[in-house]
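**Student:** Residue numbers (full-length UniProt numbering): 1 to 893. We put the beta carbon where it would ideally sit given N, CA and C, even for glycine. Values in this document were obtained by computation on a predicted structure and should not be read as measured data.
What follows is the structure, given as structure tokens:
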């Protein structure tokens, strides 16, 4: 047997896309998990390593199974053993062998199947008495609890729990897990997540108490515009849980439980939380509590939805942010500035002073200031207010934070705490705890800051579902926003489980409720909104996002799972005219929020909305043909390929002149046609490229694209020989531009290019969010063009390393943790040389493309020095018309 080499290790072993905890088992909702292993970065002297075979060792039921497989595959390897049973645990170990005879050390993972069948559930859903809640009003959170006795120590205890609403659970006074907003937001009519916890350490021989706290959350709370609608999924909230010790159910939610209200008077997603410390129930989850306020619970209907043990990580606290400044406003208000727009809540670090029992401390949250005061108009009807009513002992408020609400904010206005200091309060950032996998920095500080804003924007908008904004009366899973941003999100974070599960809800609502047309928000709470019609860009999430996930993570299963969704969309959902393109009478959102669109009409864009829709239709049909071919569905592949070619011809007849001019003479029209390869020949494409370059220079390098055009504009420029213009556009600082917001002090991406006007006033439009990730899709250009990292095959098995320096940048560093391991490219320009350092992970290869150099390399650390000559076209000059009003267009680096 060969000896292990220290330079190659397995840094992470995973089962499917389930989260791998630091301690304890990975709970799974499948009996046949696929295994993946990621390699650590090779050390010096270990180059060109590829896997020739692997061994898997599985310990289950005190027996050990061993498997040896001759294969280079290390991502999503089939489960070699028999299926797991519900509750069955196994210890899996893997080691990999290299072609030269080396082997890695063993990597080990504990896995455990959750409850795989509905019949495994004995628990019922329990709630407070029906009369305790007004059906048409917010529902006060309530406690439920149950005392029980264990005759012996619990060696192996598992809690399985979910809710119609939101829940937290305690056992013997200790909180179970570190999740927030569990079970999360799903399309509750179809899917309901449940969580599994190892609670062995929380139980004890003798008396025990388990208790849950239940809030309305997304299940029954008000959601949507203009005040929203309540009870979208149901008007009774409740808890469903069962505790198993040594494989046997010892406690389950049923009529033997009791309930009581607690100190939270109300807690709503949009409006915030009201907490009354005088109503605190002491020791409510500890054995021996004998308060008389408890009453028998009521058993309510069980969920009809499929119960799922999710692959997506839970929402967790991910960062604590301190107060940067305490501000006194012109009107005398006190405002805490945390220096970062984030999503979460405020936490009290110290007890308030100068209070009276019954007095209130009020926190109002907002993203910006206007005229020195809290800027709440963009919140629309959302109150975003937490109110804390003091008892006679405020020491109990140390550590206070809300429980069933969240806010999007940088600023918190505080009343009722006159001597508050910076140390008294912290902001807690919350979001789905996705693994960070993508990093970028460069010599241009504003571009680096822009990238940081993109990251923060996605963090705040990935709370349980991918939302459009986290602050106003919306916070919905808009499909178009996610579709354009998915490639960027999947470079920055491991989104495989998170977006894969959300796509299942997309498909369920499309296929079971909407007759083939995907809803434009998922979960769909806008069924009453009149514009639920086939919508390109938004509904194209059915095909483009599974393809993006496959490209990023190499998982064919997401294509199989979503195949019906994407084909039904094309075959039944799209409403067509006689030529097969979109029916001209349909409403299309098109290039939503074009910067020239007036504040009151965000859909009034310069580009024909049907041109945008039909460009996407041709592209999506082509992608689906490729997916069908990949999945072995040759008949579908040929049909969609033929459809794509025919539709491309119809698009050309409708929108492109013989020379290559577009009917809509706009940046978006040209960029989409270039990026989606919609021209008849190369001469048309070249003509269009020149026209696009002219339009950008005519706009003095300001952005003229909305949601549809923005993800493609810089790529369209860079791939057609106009890289200096792309860099110049990226470096523009006047509105509308990416750096305008940065220089205005933004810390997240904005919904509008000018969400804040140059004079510090908030844009008067109703849709004016300061945390919207769609326009942050520009980060894909930073990763792939500036940073030089792109996948050449699915899952980054083969990598393109091609940094393309430009503008005033002199260096950049990009890293991505792929399914195979960490990839990096770092470059710097020194005089007439370009220095590039590359790391390629084991079991993958890269194509290196640099000036004067193209080569294929294996894994390892590589360094290059090539001749560098600055582009003589930098900086490109703006177009100047002799009759146009002059303005200062001097380029400032």
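Could you give the DSSP three-state label for residue 782: helix, strand or coil?
**Tutor:** Reduced to three states, the DSSP call for residue 782 is helix.
**Student:** In three-state DSSP terms, what is residue 653?
**Tutor:** Residue 653: helix per DSSP, three-state reduction.
**Student:** Check the C-beta distance from residue 457 over to residue 772 and give it rounded, since I have them as a contact under 8 Å.
**Tutor:** Right, their Cβ atoms sit about 7 Å apart.
**Student:** Return the CA-CA distance between residue 448 and residue 812, expressed in angstroms with no decimal places.
**Tutor:** For residue 448 and residue 812, the distance between alpha carbons rounds to 9 Å.
**Student:** Output the residue ranges of the beta strand (DSSP E) runs that lie fully inside the segment 130–183 and measure 3 residues or longer, sorted by chain position.
**Tutor:** Those beta strand (DSSP E) runs which fall completely within the segment 130–183 and span 3+ residues are 142–150, 157–164 and 166–171.
**Student:** With DSSP as the reference, please indicate the residues paired to residue 711 in a beta bridge.
**Tutor:** For residue 711, which the question treats as bridged, DSSP gives no partner whatsoever.
**Student:** Residue 524 by DSSP, collapsed to three states: which one?
**Tutor:** In the structure shown, residue 524 sits in coil (DSSP, three-state: anything other than H, G, I, E or B).
**Student:** Tell me which residue opens and which closes the alpha helix (DSSP H) that residue 509 is part of.
**Tutor:** Taken as a continuous stretch (DSSP letters only), the alpha helix (DSSP H) holding residue 509 covers 496–512.
**Student:** Need the endpoints of the beta strand (DSSP E) that residue 789 sits in, please.
**Tutor:** Its beta strand (DSSP E) spans residues 789–791.
**Student:** What do you get for residue 872, buried or exposed, if any count of 16 or more other CB atoms within 10 angstroms of its CB means buried?
**Tutor:** The residue in question, residue 872, is exposed, as its Cβ has fewer than 16 Cβ neighbours within 10 Å.
**Student:** Whole angstroms is fine: what's the gap from residue 96's alpha carbon to residue 72's?
**Tutor:** One C-alpha to the other measures close to 9 Å.
**Student:** In angstroms, rounded to a whole number, what distance separates the CA positions of residue 825 and residue 268?
**Tutor:** For residue 825 and residue 268, the distance between alpha carbons rounds to 45 Å.
**Student:** Beta-carbon within less than 7 Å of residue 764's beta-carbon, same chain only, minus the 5 sequence neighbours each way: which residues are those?
**Tutor:** Within the same chain, residue 764 has close Cβ partners 599.
**Student:** Where residue 499 and residue 289 are concerned, what is the direct C-alpha to C-alpha distance, given to the nearest angstrom?
**Tutor:** For residue 499 and residue 289, the distance between alpha carbons rounds to 43 Å.
**Student:** For my contact list, residue 479 and residue 518 are in at a C-beta cut-off of 8 Å; report their separation, rounded to the angstrom.
**Tutor:** 6 Å between Cβ atoms; contact.
**Student:** Since I believe residue 439 is in contact with residue 814 (beta carbons under 8 Å), could you give me their beta-carbon distance rounded to a whole number of angstroms?
**Tutor:** Residue 814 to residue 439, Cβ: 7 Å. Contact.
**Student:** Which residues bound the beta strand (DSSP E) around residue 195?
**Tutor:** Element bounds for residue 195: 195–198.
**Student:** Helix, strand or coil: how does DSSP classify residue 919 here?
**Tutor:** Here the chain covers residues 1 to 893 and nothing more, so residue 919 does not appear.
**Student:** Can you check the segment 52–94 for any beta strand (DSSP E) of at least 3 residues that lies completely inside it and give the ranges in chain order?
**Tutor:** DSSP runs (the beta strand (DSSP E)) wholly in the segment 52–94: 63–69.
**Student:** Out of curiosity, what's the CA-to-CA distance linking residue 790 and residue 801?
**Tutor:** Rounded to the nearest angstrom, the two C-alpha atoms are 7 Å apart.
**Student:** For a quick check, are the C-beta atoms of residue 539 and residue 317 less than 9 Å apart?
**Tutor:** The answer is no: Cβ separation not under 9 Å.
**Student:** Just to confirm the assignment, what range does the beta strand (DSSP E) spanning residue 824 have?
**Tutor:** Where residue 824 is concerned, the enclosing beta strand (DSSP E) stretches over 821–830.
**Student:** Apart from the five residues just before and just after residue 175, which ones in its own chain have a Cβ nearer than 8 Å to its Cβ?
**Tutor:** So the list reads 168 and 169, once near-sequence residues are dropped.
**Student:** Once DSSP output is grouped into helix, strand and coil, what is the label at residue 621?
**Tutor:** Residue 621 falls in the helix class under three-state DSSP.
**Student:** Identify the continuous beta strand (DSSP E) that holds residue 12 and give its terminal residues.
**Tutor:** From DSSP, the beta strand (DSSP E) with residue 12 extends over 10–15.
**Student:** My assumption, with CB atoms under 8 Å, is that residue 302 sits in contact with residue 124. Please give the rounded CB distance.
**Tutor:** The pair is a contact, with the Cβ atoms about 7 Å apart (cut-off 8 Å).
**Student:** What span of residues does the alpha helix (DSSP H) with residue 479 cover, start to end?
**Tutor:** Where residue 479 is concerned, the enclosing alpha helix (DSSP H) stretches over 479–492.
**Student:** Roughly how many angstroms lie between the CA atoms of residue 851 and residue 836, to the nearest whole one?
**Tutor:** Each residue's Cα considered, the two are about 11 Å apart.
**Student:** In the DSSP assignment, the alpha helix (DSSP H) including residue 539 goes from what residue to what residue?
**Tutor:** Looking at the DSSP string, residue 539 is not in any alpha helix (DSSP H), and its letter there is neither H nor E.
**Student:** Would you please state the rounded distance, in angstroms, between the beta carbons of residue 311 and residue 17? I believe it to be under 8 Å.
**Tutor:** That belief holds up - the Cβ atoms of residue 311 and residue 17 are roughly 4 Å apart, short of 8 Å.
**Student:** For a quick check, are the C-beta atoms of residue 612 and residue 578 less than 9 Å apart?
**Tutor:** Not closer than 9 Å, so no.
**Student:** Contact check, residue 87 vs residue 113 under 8 Å by CB: the rounded distance?
**Tutor:** Between residue 113 and residue 87 the Cβ distance is about 6 Å, and since that is below 8 Å, they are a contact.
**Student:** What's the call for residue 401, buried or exposed, on a 16-neighbour Cβ count within 10 Å?
**Tutor:** Buried, because 16 or more other Cβ atoms sit within 10 Å of the Cβ of residue 401.
**Student:** Relative to the C-alpha of residue 705, which candidate in 83, 668, 717 and 558 has its C-alpha closest?
**Tutor:** Of 83, 668, 717 and 558, the residue nearest in Cα terms is 668.
**Student:** From which residue to which residue does the alpha helix (DSSP H) around residue 798 run?
**Tutor:** Premise fails: residue 798 lies in the beta strand (DSSP E), 798–801, not in any alpha helix (DSSP H).
**Student:** When DSSP labels each residue in this structure, what does residue 749 get in the three-state scheme?
**Tutor:** Three-state DSSP puts residue 749 in coil, outside helix and strand.
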